[in-house]
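Position one of the sequence shown corresponds to residue -9 (this note's numbering), numbered consecutively onward. Every residue, glycine too, gets a C-beta built ideally from N, C-alpha and C. Quantities reported herein were computed from a predicted structural model and do not represent experimental measurements.
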Amino acid sequence: MAGTLYVVGTPIGNLKDITYRAVETLSSVDVIACEDTRVSLKLLSYYNVKKPLISYYKQKEREGSEKIISLLKEGKNVALITDAGMPCVSDPGAKVVKKMAETDEAQKFADYFDFSEPLRRCSSHRLLAMRRGQEAGVLRVGIAIADEEPVEDRLRRQFVRGHGACQSLVGEAVEDAFRRLIDPSIENEFTALSKEKADEEAIHVFAENLRQLLLSAPLGQKRVMAIDPGFANGCKIACLDAQGNLLHHEILYPHPPKRHRAQATVAAARMVKDFAIEAIAIGNGTASRETRDFVDEMLDYNPALPEVSVFTVSEDGASIYSASPTAREEFPDEDVTTRGAVSIGRRLMDPLAELVKIDPKSIGVGQYQHDVDQTQLKKSLDTVVMSCVNSVGVNLNTASQHLLTYVSGLGPTLAKNIVEYRKENGAFASRAQLKKVPRLGPSAFEQCAGFLRIPGAKNPLDNSAVHPERYALVEQMAKDQGVTVKQLVEDKDLQKKIDIKKYVTAEVGMPTLMDIMAELDKPGLDPRGEVEKFEFDASIKTIEDLQEGMVVPGIVTNITKFGAFVDIGVHNDGLVHVSQMSNRYISDPSEVVKLHEHVMVRVTEVDLKRKRIALSMKGVK
């Protein structure tokens, strides 16, 4: 982490004319930069401050500035002082500050140089951005009373009565109390309160984004070729069967510097044919666009191959998973590159099942996730993951131990016991068989059974959200219609004939019965929909290719309170500010867009220096 540059005012004429904070700062830093070390030593000796000194007087300003910047990059804290007065106004220290402001690190926070606004109107993302800038040593953030003088006047009126020596002392005490104790205390209190509020908003946005990501449409059980693209290190290929098991892996080099394009084309076509590949998943990282072009050319060059769908998949967090204990347990004999490619392929097949293995903070859908309260963040995100897993349901015979952990009523121990029981005894034939799992008692069964699915089970209700406690009720409905449960599930006309009011009891109310009928209508239906194909504009590959006014396709990659980030295929996401999302007023970007939604946007501004792209959705169809 970079160090902090402190700009410290020093006395003019009288060494005692210096603030407490200035002395404390000079005593705490690692190095003091000054114009003339002889002059500054008098001040520092007076207050017994013994710190290394470096000079930055006008004749040495370039050398001194570079030295100061170097120290800051090393993590050293530096105090900048002048012979007398405030640095950066007319002395060479101004050049130091200017040079630091031009660094890449500082430019990230350039919008907040000399920035101020009422705290009540300061949005959570701006507050967290400024706090991050302060942590990086680029900004100095403070909260101050808009007009301090009236506060002191009110305090004087309250505590100072009359005129005289005693009253003068009380007045000085009031002034000292306000400036040294009350004012800092107010600042600290409002700093904590504003940070807490900002954290709540940021966590809420992160949680909603995570929910949308986890509920992304799955491709389903298809044979997939997963590609983790790259240039010098090649494209890592992993071929998976319909259950996500690794069948084959190798590395191809179709791109510079090796350019083995012909060999890569032959090898890729061979793998598509040999493993009956039905879909290709390409990571969206480095060389993604180039790899997509290569895959399209390979498929065009081999028309005899069966039709294969090609998808671009977010690889955020894939490297985190590949080095995790979960990945090592799943693939103990494979390296991290192979594990990463497998993760990309599985994300296409079932995003939920794969993403739950990764720390949500590494998935890339939050903002300032490392700056907010980590305990509250983890609690909120864990709740979202569990909610998503339970709403979709889990295939009892294919779910990993990690995924089962998030099912209501289960934990690490029971999830492990279920997987071990499955290995020893084969696939579960019914939900009732869960009761044979060691340590899975009646209470755990009651909580988890409704969220676990068994496709192809003898009892069709085992592949539905109907809880085993209500099987007898459905059986009674089928009996009253003179059919089996299987026939009732398959025949929509029979379901319409059922008068559910007849089945209302003290234990089963109308809402429960309506849920049961909805599930019978579409048993085991995945609520996540179907995955859609997407292609970027082929003529745009870098930020330099963009021109103002262009209308291009994009994918929403992140949603914040102030807008949405959209990937338009140039390795730098563009921002659609909330004011540019619609012709009507929008208070929350989630009203207009969803995560991973395919949108058309117009380029309104391109900042090549800061690699920023401004986009608009107004009037774009």
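Within the same chain, Cβ atoms closer than 8 Å to the Cβ of Val68 are found at Gly(-7), Thr(-6), Leu(-5), Tyr(-4), Val19, Asp20, Val21, Ile22, Ala23, Ile58, Leu61 and Leu62, the five residues on either side in sequence being excluded.
A direct Cα-Cα distance of roughly 19 Å separates His115 from Pro350. Inter-residue distance for Ser420 and Ile444 is about 7 Å (C-alpha atoms, whole angstroms). Asn274 sits away from Thr255, with the two beta carbons spaced by 7 Å or more. Residue pairing from DSSP places Glu595 in a beta bridge opposite Ala604. Straight through space, the alpha carbons of Val541 and Gln570 are spaced by roughly 14 Å. Apart from the 5 residues on each side of it in sequence, Arg251 sits with its Cβ closer than 6 Å to the Cβ of Pro244 in its chain, given in chain order. Comparing alpha-carbon positions, the option among Glu581, Gln437 and Gly446 lying closest to His457 turns out to be Gln437.
Contact check for Ile506 and Val464: beta-carbon distance about 7 Å, within the 8 Å limit, so the pair qualifies. Judged by DSSP in its simplified three-state form, Phe555 adopts strand.
In the three-state reduction of the DSSP assignment, Phe284 falls in the helix class, which pools H, G and I. Three or more Cβ pairs closer than 8 Å define a contact, and the region 557 to 576 falls short of that threshold against the region 118 to 133. Here His239 is buried. Its C-beta has 16 or more other C-beta atoms within 10 Å. When beta bridges are read from the DSSP output, Cys225 appears opposite Leu242.
Shown here for His194: not one same chain residue has a beta carbon closer than 6 Å to its own, the five before and five after excluded. Counting of Cβ neighbours within 10 angstroms places Lys212 among the buried residues, the total reaching 16 or more. With respect to the C-alpha of Lys531, the residue from Ala389, Gly356 and Thr276 having the closest C-alpha is Thr276. Excluding sequence positions up to five before and after Leu430, its CB lies within less than 7 Å of the CB of Leu404, Asn407 and Leu424, all in the same chain and listed in chain order. In this structure, DSSP gives Arg518 a state outside helix and strand, which the three-state scheme calls coil. The residue from Ala269, Glu268 and Gly564 with its alpha-carbon nearest to that of Val596 is Gly564. The criterion of a C-beta distance shorter than 7 Å is satisfied by Val546 and Glu587. Per DSSP, the unbroken beta strand (DSSP E) holding Ala216 starts and ends at Val214 to Asp218.
Counting C-beta atoms within 10 angstroms of its own C-beta, Gln202 has 16 or more neighbours from the protein chains shown and is therefore classed as buried. By the neighbour-count definition (other C-beta atoms within 10 Å, threshold 16), Ala528 is an exposed residue.
With the rule of 3 Cβ pairs closer than 8 Å, the region 324 to 343 counts as touching the region 254 to 272.
The closest CA to that of Glu107, considering only Leu43, Ile135, Glu125 and Pro140, is found on Ile135. When C-alpha distances from Leu70 are compared across Glu14, Gly(-1) and Lys98, the shortest belongs to Gly(-1). Annotation: the continuous alpha helix (DSSP H) that includes Cys378 extends over Gln364 to Val382. By the Cβ-count criterion, Cys156 is exposed, with fewer than 16 other Cβ atoms from all chains shown falling within 10 Å of its own Cβ. When the five nearest sequence neighbours on each side are left out, the beta carbons in the same chain lying within less than 6 Å of the beta carbon of Asp73 are those of Glu25, Asp26 and Val29, in order along the chain.
Around the Cβ of Lys492, a 10 Å sphere holds fewer than 16 other Cβ atoms; the residue is exposed. Here His153 is exposed, its C-beta having fewer than 16 other C-beta atoms within 10 Å. In the three-state scheme derived from DSSP, where H, G and I count as helix and E and B as strand, His567 is classed as strand. In the structure shown, the three-state DSSP call for Ser572 is coil.
Looking at the DSSP output, Tyr36 shares a beta bridge with no other residue. Apart from the 5 residues on each side of it in sequence, Val589 sits with its Cβ closer than 7 Å to the Cβ of Gly544, Val546, Val556, Val583 and Met607 in its chain, given in chain order.
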